[in-house]
Amino acid sequence: MVSSQANRPASSSLADRYRVLLEVGRTLTGTLGLEDLYRAIYREARRVLEADGFYISLYDPSRDLATIVFFADRGEEERVEVRYKGSESTVIRTGEAVRIDDRLEKRSLMLLGETQEEVMRSAIAAPLRWKGKVMGAISTQSYRPAAYTDADVELFQAVADMAAVAIENARHVGALERRTAEARRVEEIGRAMASSLDSREVMAKVIEAAVSLLPADNAAVWMFENGPTARVKASGGEHALPEGLEWDLSGRLYDQLVEDRSATRIDDFESSPLVPDHLRSRLGTGSALACPLMVSSSVVGVLTAGSRHPEAFGEEDGQTLQRLASQASVALENARLHQSLQSLSLTDPLTGLPNRRHLSVHLEHELAAAQRGRELLAVIFDLDNFKGYNDTQGHLAGDEALKAFAKILSAENRAMNLVARYGGDEFVSILSDTGVEGGDLYAQRIRRRMSADPLLGPAGISAACGIAAYHGGMKRGEDLIEAADADLYSKKAARAAPTDGG
14 MVSSQANRPA SSSLADRYRV LLEVGRTLTG TLGLEDLYRA IYREARRVLE
64 ADGFYISLYD PSRDLATIVF FADRGEEERV EVRYKGSEST VIRTGEAVRI
114 DDRLEKRSLM LLGETQEEVM RSAIAAPLRW KGKVMGAIST QSYRPAAYTD
164 ADVELFQAVA DMAAVAIENA RHVGALERRT AEARRVEEIG RAMASSLDSR
214 EVMAKVIEAA VSLLPADNAA VWMFENGPTA RVKASGGEHA LPEGLEWDLS
264 GRLYDQLVED RSATRIDDFE SSPLVPDHLR SRLGTGSALA CPLMVSSSVV
314 GVLTAGSRHP EAFGEEDGQT LQRLASQASV ALENARLHQS LQSLSLTDPL
364 TGLPNRRHLS VHLEHELAAA QRGRELLAVI FDLDNFKGYN DTQGHLAGDE
414 ALKAFAKILS AENRAMNLVA RYGGDEFVSI LSDTGVEGGD LYAQRIRRRM
464 SADPLLGPAG ISAACGIAAY HGGMKRGEDL IEAADADLYS KKAARAAPTD
514 GG
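For the sequence shown, the working numbering assigns the number 14 to the initial residue and increments by one for each residue that follows.
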């Protein structure tokens with residue numbers, strides 16, 4: 014067993030100790046970074062007390078969870094992953110300091126030491142108290158028994174009280190820095206939304222912000238596509254989930270996110286009842302946050318942040334992710350509205366067919382293929398007897414006739430082609446990989462359907478048509494339409510011309 018008697022600070026008078034406390038107070042209150050503060054607390058405690066071992070733990074009463082945030086043994090700092098129930102700690106439970114003179118392993122105090130044969134024998138543990146509440150504990154320990162006195166306990170509690178004030182101040186500073194960083198991220202997301210209607214670009218900014226602001230090694234946007242089945246649409250982080258990954262989230266998790274529309278924290282994948290059984294083995298150890306994504310008051314997806322470590326996220330982390338989820342929801346809503354407006358701008362509201370603008374966009378694309386040798390044909394229809402029917406039966410009846418003809422065109426249309434309302438009672442079909450003969454057969458099928466239609470047939474509404482095929486002299490899509498239009502009026506003029514015996 015190692016004796017640290019030689020390392021014990023020399024005994025000092027009460028005045029000396031309070032002088033030390035003043036110095037400790039100045040040091041701690043001037044240290045704002047939490048990691049630096051933990052080291053400063055340890056360093057200042059070693060000045061006045063034996064500290065072969067030392068640790069600081071912080072307590073989360075909402076989860077009854079204490080977490081070791083600083084640990085040192087024989088002057089060497091070590092990274093540890095130790096959490097324990099705060100209610101099982103006498104110090105945290107009672108809010109009073111504890112001194113143990115020997116047989117430390119038999120008491121409810123965090124035990125330090127490398128082996129069972131060489132463990133700490135005595136210790137002081139003191140609560141970190143802030144405004145009447147216990148926010149954690151600190152402990153100094155020795156390899157020899159009876160290393161501490163009542164005066165040491167009083168001194169250590171005074172150090173703990175000052176440490177609590179300093180930790181709370183550092184937390185406030187850290188929270189302010191996080192808020193500033195979050196504000197910058199939100200501003201970046203806002204700029205992305207203002208400059209682009211591409212929801213994927215905004216999602217990437219949201220995911221980047223989640224990974225940088227939270228203790229997460231991955232973040233993802235999931236979209237519900239078939240009931241409780243969610244698919245990863247975008248992801249990022251050190252351990253990013255593969256895009257396209259699908260999980261069935263049915264059960265309590267789905268109900269909480271979609272039915273209750275509430276943010277969810279999973280502290281431990283292995284034990285949480287929220288994790289569906291079929292996913293538990295795939296997730297392994299870790300924790301996560303999940304917030305619903307809303308579009309038009311409906312949950313359409315989930316923003317998640319995950320960590321390979323259990324209990325990685327606190328209440329404040331959940332609030333941060335909720336704010337980011339709100340930004341993501343706005344981006345999705347904007348994208349939906351843009352898509353809706355774009356659809357409206359390219360669709361004839363009466364018939365539901367593509368409108369003249371949509372026709373123009375499609376033609377330019379098809380013209381490029383035609384210039385490389387692909388056949389392209391335009392068929393333009395003009396409804397005969399429609400004007401008289403519209404005038405005698407009224408505009409509502411006329412609208413129904415136009416919709417009936419639009420349904421016939423849609424029924425005869427192939428996926429690779431396009432039919433559009435050109436204006437008034439004129440319609441255009443653009444046929445790819447089709448010659449003039451094919452266009453004539455297509456027009457005949459349309460006329461037969463019109464004759465058999467229960468509205469158009471009895472009303473005597475038929476269709477005249479003009480057909481034109483692309484040739485090398487055509488430079489614009491409109492050239493093809495104009496050629497079909499010229500053919501239409503040529504046919505109508507020939508039909509209207511008097512016969513030789515008239």
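Where a beta carbon is used, it is the ideal one built from N, C-alpha and C, also for glycine.
Roughly how many angstroms lie between the CA atoms of A507 and A499, to the nearest whole one?
12 Å
How big is the Cα-Cα spacing for S342 and T360?
27 Å
DSSP three-state call for M133: helix, strand or coil?
coil
Assess contact between the segment 135-144 and the segment 99-110, defined as three or more Cβ pairs (one per stretch) separated by less than 8 Å. Is contact present?
yes
Same chain, Cβ closer than 7 Å to A179, five either side skipped, listed in chain order
L41, T42, T44, L50
How would you label G448, buried or exposed, when you count the other beta carbons within 10 angstroms and need 16 or more for buried?
Exposed, by the Cβ-count rule.
Cβ atoms of I279 and S300: under 8 Å apart, would you say?
yes
With DSSP run on the structure shown, which of helix, strand or coil describes Y72?
DSSP places Y72 in strand when its eight states are reduced to three.
So if DSSP puts F83 in a beta bridge, which residue, or which two residues, is it bridged to?
F83 is bridged to I69.
Extent of the continuous alpha helix (DSSP H) to which M463 belongs:
449-465
In whole angstroms, what is the alpha-carbon distance linking R92 and F84?
The alpha-carbon atoms of R92 and F84 are separated by roughly 7 Å.
So, do the segment 388-404 and the segment 430-449 have three or more beta carbon pairs nearer to each other than 8 Å?
yes
DSSP on G239, reduced to helix/strand/coil?
Here the sequence assigns Asn to residue 239, which means Gly is not the residue at that position. Three-state DSSP puts N239 in a strand.
Residue-level contact to chain D via CB, M236, 8 Å cutoff
The structure shown contains no chain D; it holds only a single protein chain.
Have a look at the DSSP bridge pairing and note the partners of L390.
L444, A482
From this set, D77, V82, R59, E57, which residue's C-alpha is nearest Y68's C-alpha?
V82
Assigned secondary structure, L141 (DSSP; H/G/I helix, E/B strand, else coil):
strand
Can you name the start and end residues of the alpha helix (DSSP H) that G411 belongs to?
408-425
Going by alpha carbons, who is nearest to E377 out of S445, D330, A150?
S445
I'd like the ranges of any alpha helix (DSSP H) spanning at least 4 consecutive residues and lying wholly in the segment 243-317.
290-296
Excluding sequence positions up to five away, which residues of its chain have a Cβ less than 6 Å from the Cβ of A383?
L389, Y483
State the CB to CB distance for the pair G314 and M236, rounded to an integer number of angstroms; the pair is presumed to be in contact (CB under 8 Å).
4 Å
Looking only at C-alpha atoms, which of L431, Y455, E495, K400 sits nearest to I474?
Checking every option, the nearest Cα to that of I474 belongs to K400.
Would a C-beta distance cut-off of 8 Å place I459 and I494 closer than the cut-off?
no
Quick one: using the 10 Å Cβ neighbour count with 16 as the cut-off for buried, is E63 buried or exposed?
buried
Do you know how far the Cα of K218 is from the Cα of A176?
38 Å
Using a Cβ-Cβ cut-off of 7 Å (strictly less than) and excluding sequence neighbours within five positions of D114, which residues of its own chain qualify?
S135, P158, A159
Under a Cβ-count criterion, where at least 16 other Cβ atoms within 10 Å of its own Cβ denotes burial, should P305 be classed as buried or exposed?
The residue in question, P305, is buried, as its Cβ has 16 or more Cβ neighbours within 10 Å.
Pull up the distance between the alpha-carbon of K505 and that of R427, whole angstroms please.
For K505 and R427, the distance between alpha carbons rounds to 28 Å.
Taking T277 and A247 to be in contact with their CB atoms under 8 Å, please state how far apart those CB atoms are, rounded to whole angstroms.
Not confirmed; about 20 Å, so no contact.
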